[in-house]
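Using our numbering, the letters of the sequence shown correspond one by one to residues 3 to 351. Worksheet: one structure, shown below.
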Amino acid sequence: MIDLICGARPNFMKVDPIIRSLKTPVRLVHTGQHYDYSMSGSFFDQLGLPRPDINLGVGSSTVTVQTAEIMKAYEPVFIQGKPDAVVVVGDVNSTLACVLTAVRYSTPTVHVEAGLRSFDRTMPEEINRLLTDQISDMLLITSSEARDNLLREGRPESAISMVGNPMIDTLFRLLPEAEKIAVPEGDYGLVTLHRPGNVDEREKLGEILRALGSLSPVKLVFPAHPRTVKNMEKWGLSRIIPDNLEIVKPMDYLKFIRHQQGAAVVITDSGGVQEETSVMGVPCVTVRPNTERPVTCTLGTNILCPEPGGISDAVREQIDKRPGEPPVIPMWDGKAGSRIADVIERLLK
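Below, the structure is given as structure tokens:
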């Protein structure tokens with residue numbers, strides 16, 4: 003039996019293709035790291051995703067406390083189940099916490115999306131990535147840059163396997179269903195921002211809202227997290243929301259990828275959105291000074307925008323050069339799940 007760990011909603015998009023491809027029995031463990039209003043039964047039913055076998059229900063806290071609480075909650079579950087391997091994805095606190103637990107019991111570990119680096123140690127995710135990759139047995143990568151990073155950090159070539167991007171498997175599987183959903187007529191942009199550096203600082207959030215207003219008459223749709231809306235109200239920023247910016251409730255996955263697909267441009271700070279837009283050939287502006295997914299800039303449709311003041315120029319540049327055909331990124335072909343399953347099955351032998 004394999005323990006497959008999820009800590010947040012995007013993790014389920016990544017593990018689904020793996021579960022579909024594995025022959026070995028899987029125990030799906032949801033740590034409950036991120037409370038998500040949309041993680042209801044309908045979420046799993048709509049997307050055809052498996053429900054977790056175990057929910058640790060850890061909840062939110064500081065990075066340090068949460069990591070410790072996940073380890074405390076997972077250890078008895080681990081001991082009871084005695085998995086033959088533990089597979090983690092991404093870079094959330096659950097990723098590191100569950101690998102640490104498994105390693106202490108000398109159980110083989112697999113990290114999917116290994117080797118991604120922003121080179122910004124102020125990001126908790128970067129610390130999680132660095133530490134997880136140092137102690138995991140198998141490192142499954144989505145791009146060649148990840149291999150270079152891991153080799154530079156002293157990991158052996160034999161531990162690294164290029165498998166592609168499992169989240170793109172899920173995108174390809176569900177996009178035909180999503181295409182039935184209506185989107186705004188004419189050109190529009192999609193905005194998705196959630197990182198603390200962008201939405202938890204009053205001055206920065208105000209600058210972003212003003213920059214979005216400068217894009218008028220381009221209509222922008224912003225499915226805002228409740229935390230972001232609360233911050234706007236608390237800081238009196240609601241009064242400067244521009245007329246061209248429509249703030250809507252968070253979208254479910256199908257509606258969101260359909261709005262990405264139909265957008266003239268996407269403005270984001272999300273790693274996953276950088277990948278999805280690249281595969282769909284949609285211009286993307288990432289409001290960050292760095293990215294752990296540089297392949298989305300070199301081969302994809304993404305550009306970085308370090309400061310809000312540059313959003314207007316970056317968006318207009320991206321709209322002007324929208325590609326005719328989606329770019330091809332090696333192994334982002336909808337078959338990552340089967341490659342990952344092959345690596346895991348070989349490890350268990």
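Glycine is no exception: its CB is placed at the ideal position from the N, C-alpha and C atoms. Every value quoted in this text rests on a predicted model; they were computed, and no experiment measured them.
Between Ile4 and Pro85, the C-beta gap is smaller than 8 Å, which places the two residues in contact. Taken through DSSP and simplified to helix, strand or coil, Thr293 comes out as coil. By the beta-carbon neighbour count (other beta carbons within 10 angstroms, threshold 16), Lys251 is exposed.
The beta carbons of Leu58 and Val88 sit about 14 Å from each other, so the pair does not count as a contact at 8 Å. For Thr303, same chain residues with a beta-carbon under 7 Å away, outside a window of 5 residues either side, are Thr279, Ser280, Gly283, Val284, Pro285, Cys286, Pro325 and Pro329 in chain order. Pairing Asn292 with Arg119, the inter-Cα distance amounts to about 9 Å.
Within the region 113-193, the complete alpha helix (DSSP H) segments at least 4 residues long are 126-137, 146-154 and 168-180, listed from N- to C-terminus. Excluding the 5 residues flanking it on each side, Thr69 has same chain C-beta neighbours closer than 7 Å at Asn95, Leu98 and Ala99, in chain order. Buried is the label assigned to Val17, since at least 16 other Cβ atoms lie within 10 Å of its Cβ. Taking the C-beta atoms as reference points, Leu306 is found nearer than 8 Å to Arg290. Going by beta carbons, Pro244 and Gly215 fall inside the 8 Å limit.
The Cβ-Cβ distance between Glu147 and Pro296 falls below 8 Å. Around Leu349, the same chain offers Ala87, Pro110, Val112, Asp139 and Met140 as residues with beta carbons nearer than 8 Å, after the five sequence neighbours per side are excluded. Taking the Cα positions, Glu155 is about 30 Å away from Leu24. Secondary structure at Pro310: helix, using DSSP grouped into helix, strand and coil.
For Val91 against Glu115, the beta-carbon gap comes to about 6 Å, under 8 Å, which counts as contact.
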